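Position one of the sequence shown corresponds to residue 107 (my numbering), numbered consecutively onward. Cβ atoms here follow ideal geometry from the backbone N, Cα and C, with glycine treated the same way. Note that this is a predicted model, so its numbers are computed, not measured. In what follows, a single structure is set out as structure tokens and then discussed.
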Amino acid sequence: MSISHGSLENTIMNAIWYIEENKLSNAITVSDVFDMVQRTETPRAYTTIKTVMDRLVDKGLLVRTKQGKKFSYCTVNSRHETAHKAILKLANTYFNNDLGLLKEAVQGLCSSSKIYV
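Written out as structure tokens, the structure reads:
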């Protein structure tokens, strides 16, 4: 499973997580995601959203299920599970798996940027 993805992929994943977390739909369709992306992002073509969602299926981030004539989608991992994996990958890549050093880097960034955690 790939953790890294492009900005439109990230926008789509965030839209699907939002729908799942808020229980807005039991069967998330491309149309659901398309409508949400249109409200929050630079307008994109429906076919672009569908293509990117299919690529997210290929990458193992989404599951696609046939429901009648349409497909529904759901995430393989929650937002928090995905973030956890990304944090561990970041720690491995830049901090030799030392989460303490990563924490220090984040705290330094927060204090210098006036961001509070």
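Shown here for N203: same chain residues with a beta carbon closer than 6 Å to its own, the five before and five after excluded, namely A197 in chain order. V169 and V212 have their C-alpha atoms roughly 33 Å apart. Look at L168 here: in three-state DSSP terms it is strand. In terms of Cα proximity to A151, the closest of S131, K165, C180 and L114 is L114. Per DSSP, reduced to three states, the secondary structure at S113 is helical. C-alpha of K175 to C-alpha of L205: approximately 47 Å in a straight line. Under the DSSP definition of a beta bridge, Q173 partners with K176.
Collapsing the DSSP output to three states places T148 in coil. The continuous alpha helix (DSSP H) containing I193 extends over residues R185 to F201. Here DSSP, grouped into helix, strand and coil, assigns T181 to strand. When the Cα atoms are used, S219 and Y124 turn out to be separated by approximately 27 Å.
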